[in-house]
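Numbering (the numbering used here), first residue to last: 7 to 374.
Where is the CB? At the ideal position from N, CA and C, for every residue including glycine.
Below: the structure, in structure tokens.
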């Protein structure tokens, strides 16, 4: 390593959320103190470089086609406290992680993925490292998979999650309510939108999740939504070229498909309604943008918990089928009062997102 690393942020590529949270943490710390050296690393590309790509590909297939299998292990993993050792760990992985950390020599480690926190806790338990550890929980959950014996501080999404973790035996002072970390552009004035034109006077619907094939790919649905009065729909296909081409070939007047774009914050800022899967990061990006949320087909355990939060806080709806999605969109496009109610509730929730507290906690632990 040819540059100073004060803080090492370890993340994973199981979905985009863990990495996005890691980048958000880095940006918000360096906004306060740009002299702090921060390295964001995909831990599995370091620990198992030859297998990580195949592992992530397998994960994407699993969440599309095998959610029941995923949920079986997810809920089983959250049933009881951890000993600090993941069942997927072995001496090779643990030693490789230790050697990497010794090479980097950070003063503080932050983890945005539960298995990584378990690996780090094991190293601390064996006194092989003594570096302070922060775990950032990237969903509105309080499962045992995130809880490890040797974590110094937890960043959590809500006061409710903090209260549940206190019930689990975690000390109050070790749990800090920050909201899920967001990149700073979601919390600043949006940049001008250049990737597409959104007509004034139209209701703007934004559909996300195409990159891993988790949004509707039903031609009849896009023909239907194209015919809604005074409505324009932006579909973020991400790197899913098949979805992008499929929608483009329909040549719809009021549906705009986009490939991968870095203008998500700007599109969210100009949208009136979001249709997406209920990832923790996406949920808090919507809260920061005060954007009502239709959760589409929540199937994974953490999505289900995030969806409960959407309903409990009255910031959106859940659609389990295409027909339910069409019904909710129709209802909301014809009922501005409900949209306004959701936006009022989102405005209140946004007040609880505090990236300054997050950054200050990291800097305090780094320096003390």
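*Count the other CB atoms, across all protein chains shown, that sit within 10 Å of the CB of residue 108; report buried if there are 16 or more and exposed otherwise.*
Translated into the one-based positions of the chain shown, residue 108 becomes position 102. Exposed: under 16 other Cβ atoms inside 10 Å.
_Ordered list of beta strand (DSSP E) runs contained in the region 192-261, each at least 3 residues_ = 209-213 and 237-244
_Considering only the alpha carbon of each residue, which of 160, 230, 289 and 255 lies closest to residue 314?_
Locating residue 314 in the chain shown gives position 308, where the first residue counts as 1. Residue 289 is the option with its Cα nearest to residue 314.
_By the three-class DSSP mapping on this structure, what secondary structure does residue 136 have?_
By 1-based counting over the chain shown, the position of residue 136 is 130. Looking at residue 136 - three-state DSSP - the assignment turns out to be coil, as it is neither helix nor strand.
*beta-carbon residue 141 near the ligand NAP non-hydrogen atom, thresh 6 Å*: Absent from the structure shown: the ligand NAP. Ligands present: none.
*What is the residue span of the beta strand (DSSP E) that residue 161 lies within?*
As a working mapping, residue 161 is identified with position 155 in the chain shown. From DSSP, the beta strand (DSSP E) with residue 161 extends over 159-162.
_If distances are taken between C-alpha atoms only, which option among 335, 310 and 252 comes closest to residue 279?_
As a position in the chain shown, residue 279 is number 273, starting the count at 1. The option with the nearest alpha carbon to residue 279 is 335.
*asked:* Just to confirm the assignment, what range does the beta strand (DSSP E) spanning residue 16 have?
replied: Here residue 16 refers to the residue found at position 10 of the chain shown. Run containing residue 16: 13-17, per the beta strand (DSSP E) assignment.
*Around the C-beta of residue 189, are 16 or more other C-beta atoms found within 10 angstroms, so that it is buried, or is it exposed?*
The sequence position of residue 189 within the chain shown is 183, counting from 1. Counting Cβ neighbours within 10 Å, residue 189 comes out buried, since at least 16 surround it.
*Taking Cβ positions, are residue 302 and residue 256 nearer each other than 7 Å?*
The residue labelled residue 302 in the question sits at position 296 within the chain shown. The residue labelled residue 256 in the question sits at position 250 within the chain shown. Contact: no.
*At least one CB of chain E closer than 7 Å to the CB of residue 102: is that the case?*
In the structure shown, chain E cannot be found, because there is only a single protein chain.
*Can you give the beta carbon distance from residue 99 to residue 125, rounded, assuming they're within the 8 Å contact cut?*
Indexing the chain shown from 1 puts residue 99 at position 93. Indexing the chain shown from 1 puts residue 125 at position 119. Indeed they touch by this definition, with Cβ atoms about 7 Å apart.
_Would residue 4 and residue 265 qualify as a contact pair, given that the criterion is a beta-carbon distance under 7 Å?_
Residue 4 is absent from the structure shown; the chain starts at 7 and stops at 374.
_Residue from 332, 52, 321 and 145 whose Cα sits closest to the Cα of residue 343_ = As a position in the chain shown, residue 343 is number 337, starting the count at 1. Ranking the options by Cα distance to residue 343, first place goes to 321.
*Ignoring anything shorter than 3 residues or poking outside the region 33-70, list the beta strand (DSSP E) runs there in chain order.*
44-48
*residue 221 and residue 231: beta carbons closer than 7 Å?*
Here the question's residue 221 lines up with position 215 in the chain shown. Here the question's residue 231 lines up with position 225 in the chain shown. Contact: no.
*Beta-carbon proximity list for residue 51, same chain, < 7 Å, skipping 5 on both sides*: Translated into positions along the chain shown, residue 51 becomes position 45. So the qualifying residues of the chain are 58.
*Classify residue 60 as buried or exposed, calling it buried when 16 or more other Cβ atoms lie within 10 Å of its own Cβ.*
For the purposes of this step, residue 60 is taken as the residue at position 54 of the chain shown. Exposed.
_Three or more C-beta pairs below 8 Å linking the region 259-277 and the region 199-209_ = yes
*Does the Cβ of residue 67 have 16 or more other Cβ atoms within 10 Å, making it buried, or fewer, making it exposed?*
Taking the first residue of the chain shown as position 1, residue 67 is located at position 61. With fewer than 16 Cβ atoms within 10 Å of its Cβ, residue 67 is classed as exposed.
_For residue 193 and residue 272, the rounded distance between their alpha carbons_ = Within the chain shown, residue 272 is the residue found at index 266, counting from 1. Within the chain shown, residue 193 is the residue found at index 187, counting from 1. Approximately 11 Å between the Cα atoms of the pair.
*Among residues of its own chain, excluding the 5 on either side of residue 3, which ones have a beta-carbon nearer than 8 Å to its beta-carbon?*
The requested residue 3 does not occur in the structure, where the chain is confined to residues 7 to 374.
*DSSP on residue 24, reduced to helix/strand/coil?*
Along the chain shown, one-based indexing puts residue 24 at 18. Here residue 24 sits in helix by DSSP.
*asked:* For residue 361, count the other beta carbons within 10 Å of its own beta carbon; 16 or more makes it buried, fewer makes it exposed. Which is it?
replied: Start at 1 with the first residue of the chain shown, and residue 361 comes out as number 355. Buried: at least 16 other Cβ atoms inside 10 Å.
*Would you kindly work out how many angstroms separate the C-alpha atoms of residue 168 and residue 10, rounded to a whole number?*
The residue labelled residue 168 in the question sits at position 162 within the chain shown. The residue labelled residue 10 in the question sits at position 4 within the chain shown. Going by the C-alpha atoms only, they are around 34 Å apart.
*In the DSSP assignment, find the beta strand (DSSP E) that holds residue 455 and state where it starts and stops.*
In the structure displayed, the chain extends from 7 to 374; residue 455 sits before or after that span and is not available.
_Alpha carbon of residue 19 to alpha carbon of residue 308, nearest angstrom_ = Your numbering for residue 19 matches position 13 in the chain shown. Your numbering for residue 308 matches position 302 in the chain shown. About 16 Å.
*Which value, in whole angstroms, describes the spacing of the CA atoms of residue 354 and residue 96?*
For the purposes of this step, residue 354 is identified with residue 348 of the chain shown, where counting begins at 1. For the purposes of this step, residue 96 is identified with residue 90 of the chain shown, where counting begins at 1. Between residue 354 and residue 96, the C-alpha separation is close to 45 Å.
*If residue 375 sits next to residue 114, beta carbons under 8 Å apart, how far is it from one beta carbon to the other, in whole angstroms?*
What the structure shows of the chain is the stretch from 7 to 374, and residue 375 is not part of that stretch, so it cannot be assessed.
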